[in-house]
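Enquirer:
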Amino acid sequence: MAVRIRFARHGVRNNPFFHIVAINARKKRDGKPLEKLGTYSPHPNIKEGAKHITLDFARTKYWLGVGAQPTDGVRFLLERAGLLPPRPLHPKVKRSPAAAAAASSAESQPKA
Numbered sequence: 016m017a018v019r020i021r022f023a024r025h026g027v028r029n030n031p032f033f034h035i036v037a038i039n040a041r042k043k044r045d046g047k048p049l050e051k052l053g054t055y056s057p058h059p060n061i062k063e064g065a066k067h068i069t070l071d072f073a074r075t076k077y078w079l080g081v082g083a084q085p086t087d088g089v090r091f092l093l094e095r096a097g098l099l100p101p102r103p104l105h106p107k108v109k110r111s112p113a114a115a116a117a118a119s120s121a122e123s124q125p126k127a
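Position in the sequence shown (first residue = 1) + 15 = the numbering used here.
(1) Put residue 80 into one of helix, strand or coil per three-state DSSP.
(2) Drop a sphere of 10 angstroms on the beta-carbon of residue 104, count the other beta-carbons inside from all chains shown, and report buried for 16 or more, exposed for fewer.
(3) Starting from residue 53, follow its DSSP beta bridges and name the residues at the other end.
(4) In chain order, what residues of the same chain lie with their CB nearer than 6 Å to the CB of residue 23, ignoring the 5 residues before and after it?
(5) Straight-line CA distance for residue 17 to residue 82?
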């Protein structure tokens, strides 16, 4: 069973509120989760001016440890919380040895 850590949308129209859940990857977005790991409110509080995030660190570490894959939005929050290492800004592009040799030889030749 492939498990994903993703958002489940709650709230009302134009005022979403998300639960961060561990759920089977084949279930619907708002389907019954295996476990609720936290909450996320994307709209800042008027008084504090900050977005509210709650997260159960121990259970999130457990699900990551058993192979649950976070979605991109959840991955961003987990990186900010320090549970995942940050992704590189520019991922390395893998080239075949022939393409790498051709690129290096083209750079070494003087231009006329």
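Here a beta-carbon is modelled for each residue, glycine too, at the ideal position from N, C-alpha and C.
Expert: Once the coordinates are examined:
(1) Here residue 80 refers to the residue found at position 65 when the sequence shown is read from its first residue. In the three-state scheme derived from DSSP, where H, G and I count as helix and E and B as strand, residue 80 is classed as helix.
(2) Mapped onto the sequence shown, residue 104 falls at position 89. Exposed: under 16 other Cβ atoms inside 10 Å.
(3) For the purposes of this step, residue 53 is taken as residue 38 along the sequence shown, with counting starting at 1. Per DSSP, the beta bridge partners of residue 53 are 35, 70.
(4) Locating residue 23 in the sequence shown gives position 8, where the first residue counts as 1. Around residue 23: 34, 36, 45.
(5) Residue 17 sits at position 2 when you count from the first residue of the sequence shown. Residue 82 sits at position 67 when you count from the first residue of the sequence shown. Answer to the nearest angstrom: the Cα atoms are 8 Å apart.
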